[in-house]
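A.B. asks: My questions all concern the structure below.
2 protein chains.
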Amino acid sequence: MTTTTTAALGTRDRLISTASRLMQHGGYESTPIKQLVKEAGATMGSLYHFFPGGKQELAVAAIAYGDEEFAELLRTGLALHADPAEAVGALTELLAEALEESMWRDGCPVTATALESVGRMPEVQAACAAAYANWERLVEEKLLACGLSEEDSRDLAMTVLNTLGGAETAAQVGQSRTPLLVAGRHLSRLIASYVPASD
Amino acid sequence: MTTTTTAALGTRDRLISTASRLMQHGGYESTPIKQLVKEAGATMGSLYHFFPGGKQELAVAAIAYGDEEFAELLRTGLALHADPAEAVGALTELLAEALEESMWRDGCPVTATALESVGRMPEVQAACAAAYANWERLVEEKLLACGLSEEDSRDLAMTVLNTLGGAETAAQVGQSRTPLLVAGRHLSRLIASYVPASD
DNA sequence: GTCTATAAGATGATAGAC
DNA sequence: GTCTATCATCTTATAGAC
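Shown next as structure tokens:
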């Protein structure tokens, strides 16, 4: 059996998932390692046992964890409708729901850290770039499967992800679902304008 | 005569513009107040003389400064073409150019700080939200002037800003103009689909 | 693998002379 | 208004017992 509850995870995994959650909220610099260790139910000794590279090494693992977690959410959302335009619209509603439920804190798991990392922490930056690429691939595959050209699929996937990311940031700062829901409608319209007639 | 060179500014203004630039790069927590003071050519005494509220009070002023600076860039970009779809496309090229020239550091002046501020620094968060609203209004007015309905103008302005913001983040992390240029093409297409026929 | 205590340095903020 | 010196605290990281 594969469990997903935090309590059943080993210390290493608890450190990673806790770091991912805290970095999702305030980014890297806003996340003191002591608070992280405490919330994970671990100790400083355990942290440096599993991550000799310290905070940055843990951050790389946390970004990769957030990458896969958000990929799962993307897969779920994209599978809600066969039509890609409808699927992206439904996805924005999923994101808006999760965001408001978390008191506007659970936005994109990497954006805050990504911006801090540019030109300062190359390994963290690379992990963030890999996450974006991974997510884009998921959207791209959905569009390809719906008959869009390779170029259109690649480009649209990029804009879909970037628009969702920007709208999520605005939703967090403004504490409102509107940016995400409006983005959903516009992305649906944009995608629909590329979808080949299906009949 | 109104000068725009840093050297001619008073200490207070140098602190604000320096804080804006450093926060644009790494956000709030990544910007130590001592480095800030040093780069501004000021001293700790001056900082707390002008900003008794310390780092957070300076951050609020810096966000407002970045707000107005980016608004000026937006006005410039939007004025390049009468047609709003073309104008937004040209704007993305402006942003991509400035971003690469700055070694991918000069992205949106508020995003990094905005994400750190959510639920932690209400006054900073409010300043960031005000900046977004200010920028949206500029795009909205452009669209209104081109004959779009009030609702379409408001919603499109929101998505234009959020897509630009998300694409700029991706461009920074991936060190590539592509996300911005692709966003420009898609936003142009989206806007064009709303513009009433002009003949 | 885990734990506590501590080191070594950075950080935001203040005091008080000028 | 400006400056330097200093404070109290926090931060990452390590040491060494268990």
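Heads up: the protein sequence lines correspond to chains R and F, in order. When we follow this note's numbering, the leftmost residue of the first sequence carries the number 580, and every step to the right adds one. When we follow this note's numbering, the leftmost residue of the second sequence carries the number 580, and every step to the right adds one. Even glycine gets a Cβ: it sits at the ideal position worked out from N, Cα and C.
Taking only runs of the alpha helix (DSSP H) that begin and end inside the segment 712-736 of chain F, which ones reach a length of at least 4 residues, in chain order?
C.D. replies: none
A.B. asks: Count the other CB atoms within 10 Å of the CB of Arg654(F); is the residue buried (16 or more) or exposed (fewer)?
C.D. replies: Locating residue 654(F) in the second sequence gives position 75, counting from the first residue. The Cβ neighbour count for Arg654(F), taken over all protein chains shown within 10 Å, is under 16; the residue is labelled exposed.
A.B. asks: State the DSSP-derived secondary structure class of Ser767(R), mapped to helix, strand or coil.
C.D. replies: Your numbering for residue 767(R) matches position 188 in the first sequence. Note: Ser767(R) maps to helix in three-state DSSP.
A.B. asks: Quick check: the Cα distance between Gly633(R) and Val703(R), rounded to an integer number of angstroms?
C.D. replies: Within the first sequence, the letter at position 54 stands for residue 633(R). Within the first sequence, the letter at position 124 stands for residue 703(R). Cα-Cα distance, rounded: 13 angstroms.
A.B. asks: Can we say the segment 689-704 of chain F touches the segment 640-660 of chain F, given the rule of at least three CB pairs closer than 8 angstroms?
C.D. replies: yes
A.B. asks: Output yes if chain F places a C-beta closer than 7 angstroms to the C-beta of Arg684(R); else output no.
C.D. replies: Numbered from 1 along the first sequence, position 105 holds the residue referred to as residue 684(R). Closer than 7 angstroms to some Cβ of chain F, the Cβ of Arg684(R) qualifies, so yes.
A.B. asks: So what's Pro775(F) in DSSP terms, helix, strand or just coil?
C.D. replies: Locating residue 775(F) in the second sequence gives position 196, counting from the first residue. DSSP places Pro775(F) in coil when its eight states are reduced to three.
A.B. asks: Just the Cα atoms here: how many angstroms apart are Trp683(F) and Ser755(F)?
C.D. replies: Counting from one through the second sequence, the residue named residue 683(F) turns up at place 104. Counting from one through the second sequence, the residue named residue 755(F) turns up at place 176. Straight-line Cα distance between these residues: approximately 8 angstroms.
A.B. asks: With DSSP collapsed to three states, give me the class of Val689(R).
C.D. replies: As a first step, residue 689(R) must be located in the first sequence, where it is residue number 110. Looking at Val689(R) - three-state DSSP - the assignment turns out to be coil, as it is neither helix nor strand.
A.B. asks: By how many angstroms is the C-alpha of Ala661(R) removed from the C-alpha of Glu730(F)?
C.D. replies: Looking up residue 730(F) in the second sequence gives position 151. Looking up residue 661(R) in the first sequence gives position 82. Distance between the alpha carbons of Glu730(F) and Ala661(R) is about 29 angstroms.
A.B. asks: Does the structure place the segment 669-679 of chain R close enough to the segment 742-751 of chain R that three or more beta carbon pairs sit under 8 angstroms?
C.D. replies: yes
A.B. asks: Can you find a C-beta in chain F that's less than 7 angstroms from the C-beta of Cys725(R)?
C.D. replies: Along the first sequence, one-based indexing puts residue 725(R) at 146. With 7 angstroms as the cut-off, Cys725(R) does not count as an interface residue toward chain F.
A.B. asks: Looking at the unbroken alpha helix (DSSP H) that takes in Arg593(R), where does it start and where does it end?
C.D. replies: Reading the first sequence from its first residue, position 14 is the one you call residue 593(R). Start and end: 590-605.
A.B. asks: What would DSSP say about Thr581(R), mapped onto helix, strand or coil?
C.D. replies: Position 2 of the first sequence, counting from 1, holds the residue named residue 581(R). Note that Thr581(R) scores a pLDDT of 42, beneath 50, so its modelled location is shaky; the value from the coordinates is reported in the next line. DSSP places Thr581(R) in coil when its eight states are reduced to three.
A.B. asks: Does Asn741(F) get closer than 7 angstroms to chain R when you measure Cβ to Cβ?
C.D. replies: Position 162 of the second sequence, counted from the start, is the residue given in the question as residue 741(F). So, interface residue.
A.B. asks: Output the distance between the C-alpha atoms of Glu679(F) and Thr622(R), rounded to the nearest integer angstrom.
C.D. replies: Here residue 679(F) corresponds to residue number 100 of the second sequence, with the count starting at 1. Here residue 622(R) corresponds to residue number 43 of the first sequence, with the count starting at 1. Near 42 angstroms, if we compare the C-alpha coordinates of Thr622(R) and Glu679(F).
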